[in-house]
Each structure stands twice: as C-alpha cells, then as structure tokens.
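Data first, discussion second: the structure below is written as structure tokens.
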Amino acid sequence: MYTDLKAFIDALQLETIAESRKEELQTLIDYLLAKKAQALPIQLNFICTHNSRRSQLSQIWAQAMAVYFDVEAKTFSGGVEVTVFNKTAVNTLIKQGFKAENEGAENPVYSLSLADNLPEIKAFSKLYDHPDNPSKNFAAIMTCSHADENCPFIPGAEARIPVRYEDPKIADGTPQEAEVYAARSKEIATEMKYVFSQVQG
C-alpha cells in the first residue's frame with residue numbers, strides 16, 4: 001500500500017465514531033462475519049442515486065480497508081441514474097493517498113490504485129446493475145436515503161443494508177467545497193476502517 005495512503009489510514013481514529021453509529025454499522029459487520037464464517041465470497045455493492053460521490057467513496061474506502069485488514073472482499077458501486085464520478089471526490093481521494101488516472105471525457109473511467117502490486121479500481125458512474133457489478137450473492141449497501149427509498153428492490157441482492165451519509169454536494173461551488181469533501185471522505189474511511197477491523201483475523 002502506498003506510504004501516504006497507509007499513513008492516512010493509520011491515523012484514522014475509530015473512537016470518533018458514536019456508539020449509536022456503531023450500532024447502525026453492526027448489520028454490515030454481521031453480514032461480513034457470516035460470509036467469512038461460511039468461507040463464502042464477500043461482494044458489496046454500494047448504491048446511491050447518481051453514483052457520483054458517496055457510493056464511489058464508500059466502494060473505494062471499503063476496498064482499501066479490506067486490503068489493509070487482509071479481508072478477502074470485492075467492492076462495487078452503482079446508482080439509479082448515470083452521471084459522472086465527481087471530480088472533487090476524485091481529487092479528495094488523491095490528496096488522501098490514492099493514485100488515479102482517467103480516460104474519457106463525458107463519463108471518465110478512473111483507475112484508482114492502492115499500491116503498485118494491487119489491481120486497480122475502475123471507477124465511473126454506472127447503474128447498480130451494470131455488467132461490471134455482481135448479479136447475485138452480494139449485499140446492496142444503500143448510502144443515500146433517496147436511492148434507499150426509491151429503489152425498493154435490488155435484483156440479486158441477498159441483503160440490503162442502509163449505511164447512509166450526508167451528500168457533500170451541498171458544498172459544491174462554495175469556499176468550503178474541498179473541506180466538506182475531505183471531511184466526508186474521512187468519515188467514510190473511518191467507518192469502513194471500523195467495519196473491517198471487526199472482521200479481520
């Protein structure tokens with residue numbers, strides 16, 4: 001894992017997570033533990049409306065924490081509409097230690113890497129049932145209330161788990177934009193660190 005990325009993860013403080021939030025995260029932890037106990041593949045599809053910010057950040061941080069804690073898991077993301085992976089979200093991840101390259105203009109495909117010897121994460125806005133995503137034996141992790149309420153059925157999902165985050169889009173175009181995105185990304189990273197810390201070993 002890249003030095004800067006590992007240092008960022010090392011510094012995340014799990015005690016900043018409220019006990020009430022840990023209770024909300026327990027359903028996801030229980031799902032992961034059950035899969036691990038049965039030696040079954042772990043596949044997580046993080047879903048929000050536009051697959052632009054929260055679901056992308058959640059997928060990428062969950063994959064990073066799986067690597068960090070040596071938990072075999074594959075993470076994915078999707079939306080109920082196709083837009084674009086928000087550039088401020090991408091730049092936030094780069095500042096926090098990932099490396100990224102992109103190709104395409106209208107809906108760029110970003111190749112994010114955690115280390116030179118690990119597979120890249122292909123990140124772009126897509127529907128939750130895109131061919132790149134699993135069609136069965138996965139958990140649908142609902143990261144926004146709009147997608148959770150307006151997408152009552154996710155075909156192929158064996159579990160549906162709400163892990164909602166406030167949309168950093170509220171700060172778009174303001175002087176606080178970079179700060180809000182950094183804070184949201186750090187919040188998601190911290191919670192994914194907590195979740196996967198409960199599954200390691």
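The numbers in UniProt numbering rise by one with no breaks, and the one at position 151 of the sequence shown is 151.
Heads up, the beta-carbon is just placed ideally off N, CA and C, and yes, glycines get one too.
This structure is a prediction, so every number in the text was calculated from the model and none was measured.
In the structure shown, serine 52 falls within a coil segment according to DSSP collapsed to helix, strand and coil. A distance below 8 Å separates the beta carbons of proline 108 and phenylalanine 85. Under the DSSP assignment, serine 113 falls in the beta strand (DSSP E) whose first and last residues are 109-113. One thing to note: asparagine 45 has its Cβ within 8 Å of the Cβ of phenylalanine 138. Beta-carbon to beta-carbon, threonine 49 and glutamate 81 are separated by about 6 Å, close enough to satisfy the 8 Å threshold. Between leucine 25 and glutamate 149, the CB-CB gap reaches or exceeds 8 Å. Across the set Lys6, Lys22, Gln43, the C-alpha of Gln43 shows the shortest separation from the C-alpha of proline 134. Under the three-state reduction of DSSP, isoleucine 170 is assigned to helix.
The region 7-16 makes no contact with the region 30-42; the number of CB pairs closer than 8 Å stays below 3. Lysine 36 carries a helical assignment under DSSP once its states are collapsed to helix, strand and coil. In the structure shown, serine 125 falls within a coil segment according to DSSP collapsed to helix, strand and coil.
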